[in-house]
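Peer 1: Protein chains in written order, with the UniProt record's numbering: chain A, 1 to 118; chain B, 1 to 118.
2 protein chains.
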Amino acid sequence: MPATSMGHCLTTLPSLRDALEVVSGKWKLLILVALATGHQRFRDIERSIPGISSKVLAKELKDLEQHQLIRRTVQEGPPVLVTYEVLPYADSLDPVIFALRDWGKNHRKKIMGPAVEA
Amino acid sequence: MPATSMGHCLTTLPSLRDALEVVSGKWKLLILVALATGHQRFRDIERSIPGISSKVLAKELKDLEQHQLIRRTVQEGPPVLVTYEVLPYADSLDPVIFALRDWGKNHRKKIMGPAVEA
DNA sequence: TATCTTTGCTTACTAAAAGTGAGCAGCTAC
DNA sequence: GTAGCTGCTCACTTTTAGTAAGCAAAGATA
Numbered sequence: 001m002p003a004t005s006m007g008h009c010l011t012t013l014p015s016l017r018d019a020l021e022v023v024s025g026k027w028k029l030l031i032l033v034a035l036a037t038g039h040q041r042f043r044d045i046e047r048s049i050p051g052i053s054s055k056v057l058a059k060e061l062k063d064l065e066q067h068q069l070i071r072r073t074v075q076e077g078p079p080v081l082v083t084y085e086v087l088p089y090a091d092s093l094d095p096v097i098f099a100l101r102d103w104g105k106n107h108r109k110k111i112m113g114p115a116v117e118a
Numbered sequence: 001m002p003a004t005s006m007g008h009c010l011t012t013l014p015s016l017r018d019a020l021e022v023v024s025g026k027w028k029l030l031i032l033v034a035l036a037t038g039h040q041r042f043r044d045i046e047r048s049i050p051g052i053s054s055k056v057l058a059k060e061l062k063d064l065e066q067h068q069l070i071r072r073t074v075q076e077g078p079p080v081l082v083t084y085e086v087l088p089y090a091d092s093l094d095p096v097i098f099a100l101r102d103w104g105k106n107h108r109k110k111i112m113g114p115a116v117e118a
């Protein structure tokens, strides 16, 4: 173990990889948060995440569905209505999301901080 | 707020984005863990992360250095010796790494679990 | 002395992924 | 009727990732 406070044990890497396969990438966690904050419709999600495109959103939603983190529901119409929602299992990602959010908040302060003071 | 337990406030998204810009992608966190577990040399890191290529490793190391998470040190030789180490600031990512690791561990169980049981 | 290996990369090349802009069928609103 | 919204998809370009090879400097092996 090196002189850092980390002390990750060697079994960290495989688990981390497993997680990263599901969750890494710019969009997946953002989409989950969007869903969790009440955006259930395709266009709605799209608008709530600036920068994402229909194409990527469609693909990411499919991935998330395959990983059992969200559910797609079609209410036959007319008009046909498609709804996305986070499944309970997705809540297990909360610690990840919170940790990232907190780190991001702090990191921004670290980077912008000095220039912004006084 | 929807009927999930998440209840992310609206300011989650920007912070999450900030974090994801620094940390998302398949390799960065794995590299940090590799460094933290005692792999300090380029080849050493490369070998400790199966699947990564020299090219990507070189690029990721540059990124991490720019983000002030690691330091590259050249000890003039001969032989010239290049060493990478995590900076103390990188420890602030521990909660993220732990959360992901734990989730990954659990997710694997969820996916493999049923098939593996007795 | 020759050659083989290791180190820390870089360079071409290819494959995959992400981003861009348009569009489309089905419906509603005016 | 024509303009708009919805949930996408398609064709295309750009960016990123991955693959294989190689290279200079040094050390070890023979």
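Every residue gets a Cβ at the ideal spot worked out from N, C-alpha and C, and that includes glycine.
Helix, strand or coil: how does DSSP classify B/Gln75 here?
Peer 2: DSSP places B/Gln75 in strand when its eight states are reduced to three.
Peer 1: Drop a sphere of 10 angstroms on the beta-carbon of B/Val86, count the other beta-carbons inside from all chains shown, and report buried for 16 or more, exposed for fewer.
Peer 2: B/Val86 should be labelled buried.
Peer 1: Label A/Ala58 either buried or exposed according to how many other C-beta atoms from any shown protein chain fall within 10 Å of its C-beta, with 16 as the threshold for buried.
Peer 2: With fewer than 16 other Cβ atoms within 10 Å, it is exposed.
Peer 1: Return the bridge partner residues of A/Thr83 from the DSSP annotation.
Peer 2: Looking at the DSSP assignment, A/Thr83 forms a beta bridge with A/Thr73.
Peer 1: Mind listing the chain A neighbours of B/Lys26? Cutoff is C-beta to C-beta under 7 Å, in chain order.
Peer 2: What B/Lys26 touches in chain A: Leu20, Ser24.
Peer 1: For A/Val56, I'd like the list of residues in its chain whose CB is within less than 8 Å of its CB, leaving aside the five on either flank, ordered along the chain.
Peer 2: These residues qualify, in order along the chain: Trp27.
Peer 1: Give the residues of chain B in contact with A/Thr12, contact being defined as C-beta atoms less than 8 Å apart.
Peer 2: Within 8 Å Cβ-Cβ: Val33, Thr37, Ile97, Arg101.
Peer 1: Is there a C-beta anywhere in chain B that falls below 7 Å from the one on A/Ser53?
Peer 2: No, its Cβ sits nowhere closer than 7 Å to a Cβ of chain B.
Peer 1: Using a Cβ cut-off of 7 Å, pull out every chain B residue sitting near A/Lys62, in sequence order please.
Peer 2: The contacting residues do not exist; A/Lys62 stays about 18 Å from chain B at best.
Peer 1: Mapping the DSSP letters down to three states, classify B/Gly104 as helix, strand or coil.
Peer 2: Helix.
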